[in-house]
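Below is one structure; the comments refer to it alone.
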């Protein structure tokens, strides 16, 4: 039973380019969460999604960031027109329906570097 | 809103010594409590969690934590550490019954075990 799969593990983008981060949840998990870890900081919640539905995006920056979790395929976190301040580790986690309160399973993260 | 404070950003110890990593939380409602470990360039792994019941919780790798409601603390302990325990440790809370299932993390404690 594979864990939460994130790709790519490392992503380098020039300022102004787009970054697309992918997350495949564990089998049987239909809830996905995205967190961002800035250097020397803890993880900060960004968004919580179910299939085809955004439940809570209160942690997402208002501009340039979007997330989706389509009926088929992985969840995507999209960052348009990246800036140096977007450099961070982005972690995805998943849980079964109704089990998020009990803790999730995290992926290994995507480390985004903006040059 | 809830918050988590990890009182020590760095904890150096010698191998086979005991260690305690401190965590205090603030919340006006009941919470679930978690400790996660992050090894370099990896994702977060759940060490242990408190949901209800006994206030002493045992986790993986010989770690345990005690929930103290009156002091709003959830300190992590290990009686004898190994070099391989060197990692970043994060305390986190989730609020019971919220639809968001959002985890609020502390800033992390870097545990360094020296020979």
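Protein chains in written order, with this note's numbering: chain A, 317 to 431; chain B, 1006 to 1120.
Where is the CB? At the ideal position from N, CA and C, for every residue including glycine.
Note that the structure is predicted; figures quoted are calculated from it, not measured.
Going by Cα to Cα distance, which pick from 1014(B), 1006(B), 1013(B) and 1018(B) is closest to residue 1087(B)? Along the second chain, read from residue 1 onward, the residue named residue 1087(B) stands at position 82. When each option's Cα is compared against that of residue 1087(B), the closest is 1018(B).
From residue 410(A) to residue 420(A), what does the alpha carbon distance come to, in whole angstroms? Position 94 of the first chain, counted from the first residue, corresponds to residue 410(A). Position 104 of the first chain, counted from the first residue, corresponds to residue 420(A). Residue 410(A) and residue 420(A) have their C-alpha atoms roughly 6 Å apart.
Cα separation between residue 1118(B) and residue 380(A)? Walking along the second chain from the start, residue 1118(B) turns up at place 113. Walking along the first chain from the start, residue 380(A) turns up at place 64. Looking at the two C-alpha atoms, the distance is approximately 41 Å.
Quick one: does residue 1112(B) have its CB under 7 Å from some CB of chain A? Numbered from 1 along the second chain, position 107 holds the residue referred to as residue 1112(B). The beta carbon of residue 1112(B) sits closer than 7 Å to some beta carbon of chain A.
Should residue 424(A) be flagged as near chain B, meaning a C-beta pair shorter than 7 Å? Along the first chain, read from residue 1 onward, the residue named residue 424(A) stands at position 108. For residue 424(A), the answer is yes, since a Cβ of chain B falls inside 7 Å of its Cβ.
Below 6 Å CB to CB, which residues in the same chain sit around residue 337(A) once its five sequence neighbours on both sides are set aside? The count along the first chain starts at 1 and reaches residue 337(A) at position 21. Excluding positions up to five away in sequence, the list reads 393, 406 and 426.
Please look up how many angstroms separate the CB atoms of residue 1068(B) and residue 1054(B), rounded, as I've assumed it's under 8 Å. In the second chain, the residue the question calls residue 1068(B) occupies position 63. In the second chain, the residue the question calls residue 1054(B) occupies position 49. Contact flag wrong, Cβ pair sits at about 12 Å.
With a Cβ-Cβ cutoff of 7 Å, do residue 1065(B) and residue 1049(B) count as a contact? Here residue 1065(B) corresponds to residue number 60 of the second chain, with the count starting at 1. Here residue 1049(B) corresponds to residue number 44 of the second chain, with the count starting at 1. Contact: no.
Going by C-alpha distance, which of 1008(B), 1029(B), 1007(B) and 1021(B) is nearest residue 1079(B)? As a position in the second chain, residue 1079(B) is number 74, starting the count at 1. Checked all of 1008(B), 1029(B), 1007(B) and 1021(B); the closest Cα to residue 1079(B) is 1029(B).
When the Cα of residue 390(A) is compared with those of 359(A), 408(A) and 430(A), which residue comes out closest? As a first step, residue 390(A) is located in the first chain; it is residue number 74 there, counting from the start. Considering only 359(A), 408(A) and 430(A), the residue with the shortest C-alpha distance to residue 390(A) is 408(A).
Contact belief for residue 1095(B) with residue 1110(B) at Cβ below 8 Å, rounded distance in angstroms: Residue mapping note: residue 1095(B) aligns to position 90 of the second chain, counting from 1. Residue mapping note: residue 1110(B) aligns to position 105 of the second chain, counting from 1. At roughly 5 Å, the Cβ-Cβ gap stays under 8 Å, so residue 1095(B) and residue 1110(B) are in contact.
The segment 328-353 of chain A: positions lying closer than 9 Å to chain B by Cβ: So the close ones are 347, 349, 351 and 353.
Considering just the uninterrupted stretch of the beta strand (DSSP E) at residue 426(A), what are its terminal residues? Here residue 426(A) is taken as the residue at index 110 of the first chain, counted from 1. Segment 426-430, the beta strand (DSSP E) holding residue 426(A).
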